[in-house]
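Below is one structure, written out as structure tokens; the observations come after it.
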Amino acid sequence: MTIAYKVNQAITATQFIDLLSKTSLGARRPIKDVAAIEAMLKYTNLLVTAWQGGKLVGVARSMTDFTFCCYLSDLAVDEAVQTSGIGKTLIRMTKEALQPKCSLILLSAPQAVNYYPKVGFTQHNSAWVLTNIEDLT
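Okay, structure coming up:
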């Protein structure tokens, strides 16, 4: 299996949705809202992709300042090619695009919580999420 990797190669919302639907992330991303997916791609400033032939099989989608922190929002690998090292390569290439001391930060999908320690991530116990402004007191 030959995989080609690209940095900041634009992808379409359709390609991203097709990939997400083949991963556990599909259930937690707005794959039925094309406008939302288009906005997610538009405002991404670091995108590393994996291609098998002309087919998108992996994505690492991040927002970053390239110096202090990088939020790896989506790490998705087609379930048909998982366990072949694509995810680890996407993470490595994301980290290589950053300054050496830049921290790579992510929130794990429940199904992937055991994956990240295996590839070198350290769990952080004080992450916080606010999704609804009405919850702000």
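Take the position in the sequence shown, starting the count at 1, then add 1; the result is the number in the working numbering. Every residue, glycine too, gets a C-beta built ideally from N, C-alpha and C. These numbers were taken from a predicted model, which means no experiment stands behind them.
Quiz item: Considering only residues of the stretch 18 to 96, which uninterrupted alpha helix (DSSP H) runs meet the minimum length of 4 residues and lie entirely inside it, listed in chain order?
Solution: Within the stretch 18 to 96, the complete alpha helix (DSSP H) segments of 4 residues or longer fall at 35 to 43, listed in chain order.
Quiz item: Quick one: what does DSSP say K7 is sitting in, helix, strand or coil?
Solution: Annotated three-state conformation of K7 is strand, per DSSP.
Quiz item: Are S63 and T13 closer than 8 Å when you measure CB to CB?
Solution: No, these two residues do not count as a Cβ contact at 8 Å.
Quiz prompt | For V58, the nearest candidate out of A37, D34, K43, T84 (CA to CA) | solution = Checked all of A37, D34, K43, T84; the closest Cα to V58 is T84.
Quiz item: At what residues does the beta strand (DSSP E) containing L105 begin and finish?
Solution: Taken as a continuous stretch (DSSP letters only), the beta strand (DSSP E) holding L105 covers 104 to 106.
Quiz item: Looking at C-beta atoms only, is the number of pairs between the stretch 69 to 80 and the stretch 21 to 29 that lie closer than 8 Å three or more?
Solution: Inter-segment contact for the stretch 69 to 80 and the stretch 21 to 29 is present: three or more beta-carbon pairs are separated by less than 8 Å.
Self-check item: Pick from M41, N9, I4, K7 that is closest to I18, judged by C-alpha positions
Solution: Looking from the CA of I18, the closest CA among M41, N9, I4, K7 belongs to M41.
Quiz item: Between A128 and the rest of its own chain, which residues show a CB-CB distance below 7 Å, the 5 nearest in sequence each way excluded?
Solution: Same-chain partners within the cutoff: L108.
Quiz item: R29: buried (16+ other C-beta within 10 angstroms of its C-beta) or exposed?
Solution: Within 10 angstroms of the beta-carbon of R29 lie fewer than 16 other beta-carbons, which makes it exposed.
Quiz item: Any contact of the stretch 120 to 136 with the stretch 39 to 53, i.e. 3+ C-beta pairs under 8 Å?
Solution: By the Cβ criterion, the stretch 120 to 136 is not in contact with the stretch 39 to 53, since fewer than three pairs of Cβ atoms, one from each stretch, lie closer than 8 Å.
Quiz item: Is I38 near L73, with beta carbons less than 8 Å apart?
Solution: No; because the gap between Cβ atoms is not below 8 Å, this pair is not in contact.
Practice problem: Identify the continuous alpha helix (DSSP H) that holds P118 and give its terminal residues. | Solution: Counting along the chain, the alpha helix (DSSP H) containing P118 begins and ends at 116 to 119.
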